[in-house]
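Protein sequences appear in the order of chains C and F.
To convert a position in the first sequence, counted from 1, into this note's numbering, add 56.
To convert a position in the second sequence, counted from 1, into this note's numbering, add 2.
Read the structure below first, then the notes.
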Amino acid sequence: MLKQIEGSRGVAEAVALCRPKVVCAYPITPQTHIVEALGEMVRTGELPDCEFINVESEFAAMSVAIGSSAGGVRSYTATSSQGLLFMTEAVYNASGMGLPIVMTLGTRAIGAPINIWNDHSDAMALRDAGWVMLFAETNQEAVDLHIQAFRIAESLGTPVMVCVDGFILTHAYEQLDIPEETLVTKFVGPFQPAYELDPEHPVTAGALVGPEAFAEVRYLAHHKQLQALKRIPALAEEFLQQFGRDSGGYFHAYNLEGASTVVVGMGSVVGTVLDVADELRKNGHSIGVMAITCYRPFPFDTVREALKRAERIIVIDRSITAGMGGPLAADIRLALENRLLPVHTIIAGLGGRPITKASLKKIFERAPLGELPEITFLDLNWDMVKNELGAEVA
Amino acid sequence: MIEPKIQEQSSVDGVQTRVKFYQTGTFTAGNRLLDKELRTVQSSQERSNAITCGHRACQGCGEALGARYALDAAIRAANGNIIAVNATGCLEVFSTPYPETSWQVPWLHSLFGNATAVASGVAAALRRQGKDHIRVVAQGGDGGTTDIGFGALSGMFERNDDVLYLCYDNQGYMNTGVQRSSATPPTARTATTPAVGKAPGNPFGIGKDVPRIAMAHNIPYVATASVANLHDLEEKVTKAMSIHGARYIHIFVPCPLGWAHATRDTIRVARLAVESGVWPLFEAEHGEVIHSSPIRRQIPVEEYLMTQGRFAHLFKPKRDEERLSALQAIANKNIERYHLIHEEANA
Ligand SMILES: Cc1ncc(C[n+]2csc(CCOP(=O)(O)OP(=O)(O)O)c2C)c(N)n1
Ligand code: SF4
Ligand SMILES: [Mg+2]
Numbered sequence: 057m058l059k060q061i062e063g064s065r066g067v068a069e070a071v072a073l074c075r076p077k078v079v080c081a082y083p084i085t086p087q088t089h090i091v092e093a094l095g096e097m098v099r100t101g102e103l104p105d106c107e108f109i110n111v112e113s114e115f116a117a118m119s120v121a122i123g124s125s126a127g128g129v130r131s132y133t134a135t136s137s138q139g140l141l142f143m144t145e146a147v148y149n150a151s152g153m154g155l156p157i158v159m160t161l162g163t164r165a166i167g168a169p170i171n172i173w174n175d176h177s178d179a180m181a182l183r184d185a186g187w188v189m190l191f192a193e194t195n196q197e198a199v200d201l202h203i204q205a206f207r208i209a210e211s212l213g214t215p216v217m218v219c220v221d222g223f224i225l226t227h228a229y230e231q232l233d234i235p236e237e238t239l240v241t242k243f244v245g246p247f248q249p250a251y252e253l254d255p256e257h258p259v260t261a262g263a264l265v266g267p268e269a270f271a272e273v274r275y276l277a278h279h280k281q282l283q284a285l286k287r288i289p290a291l292a293e294e295f296l297q298q299f300g301r302d303s304g305g306y307f308h309a310y311n312l313e314g315a316s317t318v319v320v321g322m323g324s325v326v327g328t329v330l331d332v333a334d335e336l337r338k339n340g341h342s343i344g345v346m347a348i349t350c351y352r353p354f355p356f357d358t359v360r361e362a363l364k365r366a367e368r369i370i371v372i373d374r375s376i377t378a379g380m381g382g383p384l385a386a387d388i389r390l391a392l393e394n395r396l397l398p399v400h401t402i403i404a405g406l407g408g409r410p411i412t413k414a415s416l417k418k419i420f421e422r423a424p425l426g427e428l429p430e431i432t433f434l435d436l437n438w439d440m441v442k443n444e445l446g447a448e449v450a
Numbered sequence: 003m004i005e006p007k008i009q010e011q012s013s014v015d016g017v018q019t020r021v022k023f024y025q026t027g028t029f030t031a032g033n034r035l036l037d038k039e040l041r042t043v044q045s046s047q048e049r050s051n052a053i054t055c056g057h058r059a060c061q062g063c064g065e066a067l068g069a070r071y072a073l074d075a076a077i078r079a080a081n082g083n084i085i086a087v088n089a090t091g092c093l094e095v096f097s098t099p100y101p102e103t104s105w106q107v108p109w110l111h112s113l114f115g116n117a118t119a120v121a122s123g124v125a126a127a128l129r130r131q132g133k134d135h136i137r138v139v140a141q142g143g144d145g146g147t148t149d150i151g152f153g154a155l156s157g158m159f160e161r162n163d164d165v166l167y168l169c170y171d172n173q174g175y176m177n178t179g180v181q182r183s184s185a186t187p188p189t190a191r192t193a194t195t196p197a198v199g200k201a202p203g204n205p206f207g208i209g210k211d212v213p214r215i216a217m218a219h220n221i222p223y224v225a226t227a228s229v230a231n232l233h234d235l236e237e238k239v240t241k242a243m244s245i246h247g248a249r250y251i252h253i254f255v256p257c258p259l260g261w262a263h264a265t266r267d268t269i270r271v272a273r274l275a276v277e278s279g280v281w282p283l284f285e286a287e288h289g290e291v292i293h294s295s296p297i298r299r300q301i302p303v304e305e306y307l308m309t310q311g312r313f314a315h316l317f318k319p320k321r322d323e324e325r326l327s328a329l330q331a332i333a334n335k336n337i338e339r340y341h342l343i344h345e346e347a348n349a
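Quick look at the structure:
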């Protein structure tokens with residue numbers, strides 16, 4: 057059904073259609089609207105047979121989800137930024153224990169300095185936590201990815217994080233198609249617990265594992281992620297069949313065929329990138345766009361194949377690994393293996409700095425001229441930087 | 003409570019006197035002096051058994067003993083329908099060296115500081131599945147409870163989640179090598195409060211009293227217990243299991259390794275703590291103390307302290323009178339606060 061609603065509301069409705077039995081959360085901007093909506097749906101009965109648990113911290117939110125998922129019911133939480141870092145220990149624990157928890161991350165910068173606006177620093181900080189990580193390009197995709205996330209999580213016994221750009225998506229009102237309940241119920245299916253805590257057949261979960269078996273446990277976790285890599289496009293295909301929409305999968309390719317310049321990005325920035333690329337193509341530029349949806353596990357082989365004719369790549373990174381560069385660009389370089397072609401990193405939109413069409417256009421135009429440095433901080437205020445650094449850069 | 007067995011005995015001059023066999027009143031497992039029906043359930047071969055033998059606890063570990071008695075009582079109270087959630091710590095480490103496990107109940111360990119929150123989640127899941135007959139018990143050491151898990155503990159209390167939390171208090175971070183926790187008593191030597199300098203050991207005036215903080219949450223049931231009196235522990239667990247909502251039992255469990263006492267003395271040390279007033283035994287409902295166990299024979303605190311190497315610096319090279327009397331004052335305060343001395347008991 058088409059609805060003119062906020063992105064957060066769309067996510068909440070999609071989650072509600074998946075019928076979680078436990079939703080637990082701690083408030084942090086810009087995640088709040090999602091869990092507020094779910095809390096209300098639990099109260100009104102729109103989300104029946106579910107408990108909304110107000111906890112005292114994000115660490116507890118993830119821990120309650122660990123308990124309820126291990127206890128045998130579909131469990132969901134959402135957070136952002138400092139909240140994700142605050143629950144870090146439990147985030148790793150959830151994947152180590154193979155629990156199919158689904159979490160929305162309303163992506164946001166990390167302090168200090170404290171900043172509530174959007175970038176991908178939070179998601180990137182936990183990219184090695186063993187979770188499947190999906191990035192929504194639009195609010196419609198955010199809706200659809202949540203429905204797929206529960207399937208991915210439960211069919212493999214792995215937690216899934218759906219990353220939705222804070223404010224830009226979570227707080228944007230637009231027309232969204234909220235799928236029919238019967239279709240969602242059919243697609244998601246009944247909850248498949250990772251294991252059962254049954255007094256009749258007691259199991260010990262979370263035992264102490266020493267050097268004799270730890271590597272094997274970690275290998276199995278890697279193996280599971282590789283399985284997820286197979287499952288994710290298959291589920292996107294199934295979703296397309298049942299819901300008639302191309303959402304999810306590894307990435308969305310826009311005019312990659314024959315493009316000499318390829319721009320790679322994740323999340324809502326892709327919308328702006330596409331507008332710029334369309335304009336440039338009209339003016340004769342050979343430019344395509346790759347919007348990565350499946351960030352963990354990373355689809356190296358398919359990305360490599362899709363980029364094989366590219367002559368130069370521009371990666372828009374929404375965070376910075378200080379002293380190294382852009383984390384997404386690093387993965388793209390890895391995917392290219394031995395191909396020596398320029399990979400330009402654009403560090404853009406940190407802490408909610410707008411990424412404008414005009415600025416992107418300049419960058420995209422300079423790339424084919426060989427004028428683009430390896431790393432560019434988009435729209436950096438050099439006066440401010442020089443002021444701070446003083447003589448060092450003068 | 004089983005009464006001490008009283009027998010008529012004739013003394014040398016032929017006058018009949020009543021003699022209390024305190025040994026029979028101490029409820030030692032399988033005590034052969036007791037009639038069969040009065041013997042503790044732990045002496046029966048049919049007893050429930052939460053933790054089987056073969057685990058890696060030190061000899062004389064109070065925590066292993068306390069956990070077994072507490073969980074067995076919980077199992078009996080719930081007809082076997084128990085799920086245990088454990089915090090990181092000695093109990094977790096010594097009971098589950100993969101691929102072995104001592105646990106005969108479904109058992110879940112996640113992290114050091116989140117056992118209570120995980121337990122809340124398990125309880126919610128059971129409720130949503132209509133499995134109300136299965137009860138959740140969470141447990142951890144004093145560090146996992148009073149320090150790193152304190153926020154989660156308070157959150158579970160405040161929400162009044164249907165979880166019984168058992169804190170095994172050995173007054174320090176034993177699993178990592180005997181460091182100080184907020185449950186470490188003043189003057190005790192730990193690896194991070196060494197017995198050196200002007201005021202050796204843990205300072206006075208710090209630390210927290212978590213049973214009383216638990217009471218301040220107005221939860222339905224709070225109790226202290228000790229391995230000194232295992233039947234009292236069993237009864238408190240049984241009572242807690244008859245109640246729904248957040249419940250808390252703080253159990254005194256000596257640690258021979260960390261406290262430097264003889265492994266055979268675990269129960270004796272625990273008893274001396276009770277008898278000196280160092281460890282008051284009481285129950286509280288909805289924030290009010292409703293019962294405390296009177297001290298049978300009050301002993302000076304130093305009799306308790308002397309049993310343990312962690313207090314040795316109070317006596318050697320010379321007696322530290324000032325700090326000994328400060329410790330006695332703490333015990334006196336407990337005696338006063340919980341009315342531990344009844345006139346008739348000491349008459
Ligand atoms: C977040 C975190 N910090 C520190 C540790 C290290 N650690 C593991 S067990 C433990 C001590 C446990 O003490 P306590 O809870 O009192 O239990 P005990 O071992 O004394 O029974 C510590 C400090 C950890 N596992 N996780
Ligand atoms: S160190 Fe103490 S608590 Fe730990 S197993 Fe040994 S006796 Fe028990
Ligand atoms: Mg301890």
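Even for Gly, the Cβ is constructed at its ideal location relative to N, Cα and C.
Keep in mind that this is a model prediction, so the values were computed, not measured.
Residue environment analysis places residue 338 (chain C) among the exposed positions, since fewer than 16 neighbouring C-beta atoms fall within 10 angstroms of its C-beta. The beta carbon of residue 112 (chain F) sits closer than 8 Å to some beta carbon of chain C.
Between residue 183 (chain C) and residue 222 (chain C), the C-beta gap is not smaller than 8 Å, which leaves the two residues out of contact. With a threshold of 7 Å, the Cβ atom of residue 172 (chain F) counts as near ligand 3, since some heavy atom of the ligand is closer than that. Distance check between residue 276 (chain C) and each of C:443, C:152 and C:86 places C:152 closest, using alpha-carbon atoms only. Among the residues facing chain F, residue 184 (chain C) is not included, as its CB has no counterpart in that chain under 8 Å away. Not one heavy atom of ligand 3 is found less than 7 Å from the C-beta of residue 167 (chain F). In the pairwise beta carbon analysis, the region 250-266 of chain C is classified as touching the region 95-111 of chain F: at least three pairs are separated by under 8 Å.
Distance from the CA atom of residue 363 (chain C) to the CA atom of residue 205 (chain C), rounded to whole angstroms, is 27 Å. Following the DSSP letters along the chain, one finds residue 66 (chain C) inside the alpha helix (DSSP H) bounded by residues 63-73.
Nearest to residue 63 (chain F) by alpha-carbon distance, out of F:333, F:228 and F:283, is F:228.
The C-alpha of residue 124 (chain F) lies about 22 Å from the C-alpha of residue 144 (chain F).
In the DSSP assignment, residue 163 (chain C) falls outside any alpha helix (DSSP H) and within the unbroken beta strand (DSSP E) covering 158-163. For residue 78 (chain C), the chain F residues whose Cβ falls inside 8 Å of its Cβ are 123, 126, 127 and 130, in order along the chain.
Close to residue 264 (chain F), with beta-carbon spacing below 9 Å, lies no residue of chain C; the smallest spacing is near 28 Å. The beta strand (DSSP E) runs of length 3 or more contained entirely in the region 253-325 of chain F are, from start to end of the chain, 284-287 and 290-294. Residue contact check for residue 221 (chain F) against chain C: no CB pair falls below 8 Å. Those residues of the region 121-136 of chain C placed with their C-beta closer than 8 Å to a C-beta in chain F are 121, 122, 123, 124, 125, 126, 127, 128, 129 and 131, ordered along the chain. Spatial neighbours of residue 71 (chain C) in its own chain (CB-CB distance under 6 Å, excluding positions within 5 residues in sequence) are listed in chain order as 132 and 202. DSSP lists C:317 as the beta-bridge partner residues of residue 368 (chain C).
CA-CA distance, residue 54 (chain F) to residue 330 (chain F), rounds to 39 Å. Within its own chain, the residues whose Cβ lies closer than 6 Å to the Cβ of residue 415 (chain C), once the five positions on either side in sequence are excluded, are 434 and 435, listed in chain order.
Chain-order list of chain C residues neighbouring residue 106 (chain F): 258, by C-beta distance under 7 Å.
The DSSP assignment places 165-171 as complete runs of the beta strand (DSSP E) inside the region 156-190 of chain F, in order along the chain (cut-off: 3 residues).
Apart from the 5 residues on each side of it in sequence, residue 113 (chain C) sits with its Cβ closer than 7 Å to the Cβ of 82 and 142 in its chain, given in chain order.
For a cut-off of 8 Å, the C-beta gap from residue 369 (chain C) to residue 329 (chain C) is around 13 Å, too long to register as a contact. In the assembly as shown, residue 317 (chain F) is an exposed residue. Its beta-carbon has fewer than 16 other beta-carbons within 10 Å. Residue 85 (chain F) belongs to the set of residues whose beta carbon lies under 8 Å from a beta carbon in chain C. In this structure residue 208 (chain F) is exposed. Its beta-carbon is surrounded by fewer than 16 other beta-carbon atoms within 10 angstroms.
The contact set of residue 136 (chain F) on chain C, defined by CB atoms closer than 7 Å, consists of 255 in chain order. Against chain F, the CB of residue 142 (chain C) has no partner CB under 8 Å away; the residue lies outside that interface.
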